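Q:
In the working numbering, the protein residues as written are 79 to 512.
(1) Taking the alpha-carbon positions, what's the residue 264 to residue 112 distance?
(2) Where does residue 509 fall in DSSP's three states?
(3) Take residue 372 as the anchor and find which of 480, 461, 462 has the nearest alpha-carbon.
(4) Pull up the distance between the alpha-carbon of residue 440 and that of residue 430, whole angstroms please.
(5) Please state the DSSP three-state secondary structure of residue 274.
(6) What residues match up with residue 228 in a beta bridge as DSSP calls it?
(7) Excluding sequence positions up to five away, which residues of its chain have a Cβ less than 8 Å from the Cβ of residue 378?
(8) Please classify residue 129 as buried or exposed, where buried requires at least 16 other C-beta atoms within 10 Å of its C-beta.
(9) Grab me the residues of residue 386's own chain with a C-beta within less than 7 Å of its C-beta, minus the 5 sequence neighbours each way, in chain order.
(10) Excluding sequence positions up to five away, which residues of its chain have a Cβ less than 6 Å from the Cβ of residue 247?
(11) Return helix, strand or coil for residue 143, following the three-state DSSP convention.
(12) To the nearest angstrom, how far is it from the Cα of residue 324 to the Cα of residue 252?
(13) When you compare each of 336, 330, 319 to residue 352 by their alpha carbons, which one comes out closest?
(14) Would you give the residue range spanned by the beta strand (DSSP E) that residue 173 belongs to?
(15) Per DSSP, which residues does residue 248 bridge with? Please list them.
(16) Whose C-alpha, out of 204, 169, 180, 239, is nearest the C-alpha of residue 192?
(17) Grab me the residues of residue 508's own chain with a C-beta within less than 6 Å of its C-beta, minus the 5 sequence neighbours each way, in chain order.
(18) Tell me the start and end of each unbroken beta strand (DSSP E) in the segment 254-334 that is at least 3 residues and wholly inside, in chain order.
(19) Counting only runs of 3+ residues fully inside the segment 96-137, write out the beta strand (DSSP E) ranges in chain order.
(20) Out of 171, 176, 454, point me to the one whose CA is closest to residue 156's CA.
(21) Can you give me the start and stop residues for the alpha helix (DSSP H) that residue 393 sits inside?
(22) Looking at C-beta atoms only, is the number of pairs between the segment 339-350 and the segment 449-465 that lie closer than 8 Å three or more?
(23) With distances taken between CB atoms, is the gap from residue 123 to residue 152 smaller than 8 Å?
(24) Distance, Cα to Cα, residue 459 vs residue 432?
(25) Excluding the five sequence neighbours on either side, which residues of its own chain have a C-beta within less than 6 Å of the C-beta of residue 144, listed in chain order?
(26) Throw me the rounded Cβ distance for the residue 212 and residue 186 pair, which I believe falls under 8 Å.
(27) DSSP state of residue 345, grouped into three classes?
(28) In the DSSP assignment, find the unbroken beta strand (DSSP E) run with residue 431 in it and report its ends.
(29) By Cβ distance below 8 Å, which residues in the same chain neighbour residue 281 in space, the five residues on each side in sequence not counted?
(30) For residue 87, which three-state DSSP category applies?
(31) Since residue 356 sits in a beta bridge, which residues does DSSP pair it with?
(32) Taking just the CA atoms, how far does residue 358 sit from residue 332?
(33) Could you give the residue range of the beta strand (DSSP E) that holds residue 241?
(34) Look at the alpha carbon of residue 450 and the alpha carbon of residue 360, and state the distance between them as a whole number of angstroms.
(35) Can the beta-carbon of residue 322 be found less than 8 Å from the beta-carbon of residue 337?
(36) From the DSSP output, which residues share a beta bridge with residue 196?
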């Protein structure tokens, strides 16, 4: 703990400075205070790692002296205000980690750092309207994360050109599209694997050219203002593992037939996408599904018996639909199932033998942690002594929480899924990946 001593500037031959948090083995240094100006005397420095401390203050002009700097990591501190102009003269930088601070200013200034391969600016207070010239000189860029800032404008399409090496773009939780911008016409690109644009304001139709991004593994477009038909061309993205389209204004339509082509999909959210008709019997062809979210649509008919064949399912959300009939007993055989919501439907019957156990049937069976159904009121539609929450038709807001488990991807775990948070403040709706 404590401040970084000013005497650190005496180590003039130092090339590597690592006082940050180490994951393996876990070491937390707990540094506080501001960055001393004497750091500028360490002109041989190539690599600075000061992440996950409690460093405050600003990045001083002293940093311009570190002309050999290749990597700078100040993630997860409390550094504030704008970055000095002289910082953008450090043209040997290949990786900049300034995420999770309180930095302000314009992100386009990073265009001068032409050797950059990784730029991590998420969870700050940067404000700027971007256009297609943004970062156009960064031909070596591989990863761009500017999520959770105050950026608006359009998606810089040149980052998606076939000549681009970028494989991860995360711009979620910004203000893109608030000026009426739509998604661009997507060029052919085989390198981009990860595209997260959720929680923005992109409007208009989702372009059919989305299929040109043929290397995509992760696509999250939830919580935008997209309209029109959901393009069938999404079915050409055969490598998709994760597809979230939730909470958009798409035209009414059925469960997409083209999903049969996405045989590697493990997480699918069509929540509040105006889907109607029946859930297809072929749903079990998507045998790798861990999460299936069909909440808040207009699905009718019975829950397909074949859904019980989705043995890898952990999270199944069918609430707020118009489903009828009984709940297939095969769903109780899914040993990995952790969360199952069927409330606000027209389902009937007794699910105690399927999902409950214990002397009075008051305990959830197997791995199941959360079960919501229409088991409330004087004349419950569902008999479920072990349900965590019992709703009824009279209580229209019984389970009105937005249980959307898209995630805040972070570089520390290579943008992989580590947890599912179905609610911001309720710890019973948090699940850790294993």
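By construction, the Cβ of each residue, glycine as well, lies at the ideal position given by its N, Cα and C atoms. Quick caveat, the model's predicted, so the values are computed rather than measured.
A: Taking the definition as stated:
(1) 44 Å
(2) strand
(3) 480
(4) 9 Å
(5) strand
(6) 205
(7) 354, 355, 356, 399, 400, 401, 402
(8) buried
(9) 406, 408, 409, 411, 412
(10) 222, 273
(11) helix
(12) 17 Å
(13) 330
(14) 173-175
(15) 223, 274
(16) 169
(17) 499
(18) 272-274, 281-283, 296-298, 303-306, 320-322
(19) 110-112, 125-127, 132-134
(20) 176
(21) Note, residue 393: premise wrong, no alpha helix (DSSP H); beta strand (DSSP E) at 393-395.
(22) no
(23) no
(24) 16 Å
(25) 123
(26) 6 Å
(27) strand
(28) Looking at the DSSP string, residue 431 is not in any beta strand (DSSP E); the run it does join, the alpha helix (DSSP H), is 430-433.
(29) 255, 258, 259, 260, 302, 303, 304, 305
(30) helix
(31) 378
(32) 9 Å
(33) No beta strand (DSSP E) holds residue 241; DSSP gives it neither H nor E.
(34) 25 Å
(35) no
(36) 173, 221
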